[in-house]
Every structure is written in C-alpha cells, then in structure tokens.
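Worksheet: one structure, shown below.
In the working numbering, the protein residues as written are 13 to 119.
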C-alpha cells in the first residue's frame with residue numbers, strides 16, 4: 013500500500029470546523045480545496061506528504077505504480093507520502109475538502 017487511509021467511523025454530520033481543529037491539533041496547517049464534477053488530474057507527485065480530508069462529495073485517487081485506487085467519502089482521511097505518483101478524479105457531484113502538507117525535515 014502506497015498510502016494511509018482512515019475511514020470516517022463516527023457517524024453523524026461531518027463538520028469542517030471540527031476536522032480543521034483536529035488537523036491543527038496535529039500540527040498541520042489545513043486549507044480548503046474544491047474540484048468540480050468529474051474533474052480529473054493526471055499522474056503527478058509532490059515533494060511533501062499530502063494529508064487530505066474530504067468534507068463533501070467524493071474523489072477517487074489512482075496509484076498507477078501499484079494499480080491501487082481508493083474513493084474517499086465525507087470524513088475520510090488520506091495521507092499520500094512524498095514522491096508517490098498519483099492521479100485523482102472527482103465524483104459526479106464534485107469534491108470539497110481540507111488538505112495540509114507535511115514537509116520533509118531538512119538537516
């Protein structure tokens with residue numbers, strides 16, 4: 013597995029304020045992002061670990077090097093390690109969520 017996935021387990025409403033506070037308590041600096049219906053982003057990688065929490069809609073992440081795919085629902089959290097090649101496709105209703113970066117330490 014090239015990523016770490018945590019599914020929403022608490023039931024009830026997914027509240028942006030609560031998830032933003034949780035991410036901040038972990039030392040992250042979350043910001044919002046939005047993709048339109050069926051938006052697709054081709055294969056790319058980042059120099060940092062991405063932490064993604066979906067708030068509304070759905071989005072599927074594709075990992076071409078392993079053939080894995082994962083679809084996020086509201087409340088789900090995905091961590092994509094630095095330099096992991098991936099693509100994404102928003103669902104038919106689009107996607108809205110929080111994202112934060114974990115940058116590698118430099119010595």
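Glycine is no exception: its CB is placed at the ideal position from the N, C-alpha and C atoms.
{"Asked": "Below 8 Å on the Cβ atoms is my contact criterion, and I expect residue 76 with residue 97 to pass it. Report the Cβ-Cβ distance as a whole number of Å.", "Found": "6 Å"}
{"Asked": "Label residue 88 either buried or exposed according to how many other C-beta atoms from any shown protein chain fall within 10 Å of its C-beta, with 16 as the threshold for buried.", "Found": "buried"}
{"Asked": "Label residue 33 either buried or exposed according to how many other C-beta atoms from any shown protein chain fall within 10 Å of its C-beta, with 16 as the threshold for buried.", "Found": "exposed"}
{"Asked": "Give the range of the beta strand (DSSP E) segment to which residue 91 is assigned.", "Found": "89–92"}
{"Asked": "If contact is defined by three or more beta carbon pairs under 8 Å, each pair taking one atom from either stretch, is the stretch 37–45 in contact with the stretch 76–86?", "Found": "no"}
{"Asked": "Between the C-alpha atoms of residue 107 and residue 23, what's the straight-line distance to the nearest angstrom?", "Found": "19 Å"}
{"Asked": "Using the Cα positions of residue 58 and residue 95, report the straight-line distance between them to the nearest angstrom.", "Found": "5 Å"}
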